[in-house]
Amino acid sequence: MSPDVIRPVLTEELPAVLSFWREVEVTPPSVTDSVEGLTILMQQPVALLLVATVDGKIVGSIIGGWDGWRGNIYHLAVAPAHRRKGIARRLVREISTALFEKGDAQRLSALVEYEHPWAMEFWSSVHDLGYVRDPRFARFIADRITGENQVDP
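Residue numbers (numbering that gives the first Met the number 0): 0 to 152.
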């Protein structure tokens, strides 16, 4: 079943998006996973939070942003009951198109957690959308709240 619609999230849906992320457990909670953090994201001219809905219920989401240098994709999530139905692929296509056009990005990258084999498998399957794994890079982070990395080793 494909989604009824893929569209930008509405401000009043932000709590539902956060609940959705907790339910599907796609990533450990981040310091920016809050209504306030998502509201700030939505105020940026070249950032998007898209949702996929089926019968009015959020079944998928994706965040994309362009920082003036490159476009980045975060938090691709699809409810387990709706996986392998083309929703993730449609979300990636929509956000990629928006970032290339709206942000004028020349390159996009997606952050994918090694601990999620289904996510690694998905991203390995979207080479037709232009995505290939780049083994040259690792990600290093520091959270503003503590100035320290909050990721478990």
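All residues carry an ideal CB built from backbone N, CA and C; glycine is no exception.
This structure is a prediction, so every number in the text was calculated from the model and none was measured.
Note that the C-beta distance between A97 and I72 is not below 8 Å.
Collapsing the DSSP output to three states places R69 in coil.
It is roughly 7 Å from the alpha-carbon of V111 to the alpha-carbon of A118.
In the three-state scheme derived from DSSP, where H, G and I count as helix and E and B as strand, R89 is classed as helix. Burial check for S60: the Cβ neighbour count within 10 Å reaches 16 or more, so the residue is buried. Scanning its chain for C-beta atoms nearer than 6 Å, with the 5 sequence neighbours on each side dropped, one finds around G64 the residues A46, N71, in chain order. When secondary structure is reduced to three states using DSSP, I39 falls in the helix class. Taken atom to atom, the span from the alpha-carbon of D66 to that of V23 is near 28 Å. Remark: C-beta atoms of V53 and D3 approach each other more closely than 8 Å.
In the three-state scheme derived from DSSP, where H, G and I count as helix and E and B as strand, K84 is classed as coil.
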